[in-house]
Amino acid sequence: MGNKTIGRRVLPHIALIIYMTLALGCGGDDDTTPAGSGNGSGNGEQNTASGVFSALVSGNSFDATGDNDSIQGTYDSNVLAVGGFDLEFGPQGATIMVTVNGVSGPGTYTIEAFTSAPLQFTEGTTVYSTALPGSSGTVTVASVSDTGAKGTFEFTAFNTNSDGTSVDVTDGIFDVTF
156 MGNKTIGRRV
166 LPHIALIIYM
176 TLALGCGGDD
186 DTTPAGSGNG
196 SGNGEQNTAS
206 GVFSALVSGN
216 SFDATGDNDS
226 IQGTYDSNVL
236 AVGGFDLEFG
246 PQGATIMVTV
256 NGVSGPGTYT
266 IEAFTSAPLQ
276 FTEGTTVYST
286 ALPGSSGTVT
296 VASVSDTGAK
306 GTFEFTAFNT
316 NSDGTSVDVT
326 DGIFDVTF
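Heads up: the sequence shown runs through residues 156 to 333, numbered per my numbering.
In structure tokens:
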């Protein structure tokens, strides 16, 4: 296996860790409708998680539970960040990042364009983000604590290179322990 192939396999993992670090460092007010009394008392460290993280991306199956895949997650200061890497998705693998500010407990959180914590889908070097105009999404948190989170998500995100292409991420599920 050449250095280029190893780089293509390792780069998405590094990008996932960097993104989660940045997401936890950013604050902001997202328009949310939480219900519950969680206190966001997670440990704030990057955590390799276990469990389930899957979705359909424009109709194609994304499942981050294979042998060479990974799931990351953390909950700290009312910020929930979970993500998965699916090596078998496309020729270079893909990553989905779900980050939500203001999570105080179970509830449905609406993600709109220009949010400080966008939802993202990355395939190879192509990034689709809900931070762009016309994007939207929802994350429904069923449970959250400093040791794990469970919920669903869906979003429409646009290519960050401004070519107008988009992806629809539907039927997203996370049930992770971190």
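Ideal placement from N, C-alpha and C gives every residue a C-beta, glycine not left out.
Length of the line joining the Cα atoms of residue i and residue j
i, j, result
"G257", "G245", "33 Å"
"L274", "D301", "21 Å"
"D184", "G292", "With a pLDDT of 40 at D184, under the threshold of 50, the predicted position of this residue should be treated as unreliable, though the coordinate-derived value follows. Computed Cα separation, rounded: 16 Å."
"T315", "V299", "30 Å"
"S259", "A272", "16 Å"
"T229", "S317", "30 Å"
"E278", "F313", "13 Å"
"A249", "Y264", "24 Å"
"G289", "F333", "33 Å"
"A268", "Y283", "12 Å"
"D218", "D231", "25 Å"
"T187", "E309", "Legend: pLDDT at T187 = 39, less than 50; position of this residue unreliable, no value from coordinates given."
"N233", "K305", "15 Å"
"L287", "D241", "24 Å"
"S216", "E243", "10 Å"
Local Cβ density within 10 Å of residue i, reported as buried at 16 or more and exposed below that
i, result
"T254", "buried"
"N262", "For clarity, residue 262 is Gly in the given sequence; the question names Asn instead. Classification for G262: buried."
"T270", "buried"
"G319", "exposed"
"T280", "exposed"
"G303", "buried"
"A297", "exposed"
"M175", "In this prediction, M175 scores a pLDDT of 47, lower than 50, which makes its location untrustworthy; no coordinate-derived value is stated."
Run of the beta strand (DSSP E) containing residue i, from where it starts to where it stops
i, result
"D222", "Here D222 belongs to no beta strand (DSSP E), and DSSP marks it neither H nor E."
"A210", "T203 to V212"
"Q275", "Q275 to E278"
"L235", "V234 to D241"
"D326", "S321 to T332"
"G248", "Element bounds for G248: n/a, residue is neither H nor E."
For residue j and residue i, believed in contact at Cβ under 8 Å, the rounded distance
i, j, result
"F276", "V237", "About 14 Å separates the two Cβ atoms, so there is no contact after all."
"V294", "I251", "12 Å between Cβ atoms; not a contact."
Pair within 8 Å by beta-carbon distance, residue i and residue j
i, j, result
"A204", "V322", "no"
"L235", "T325", "no"
"D224", "G239", "yes"
"T307", "I328", "yes"
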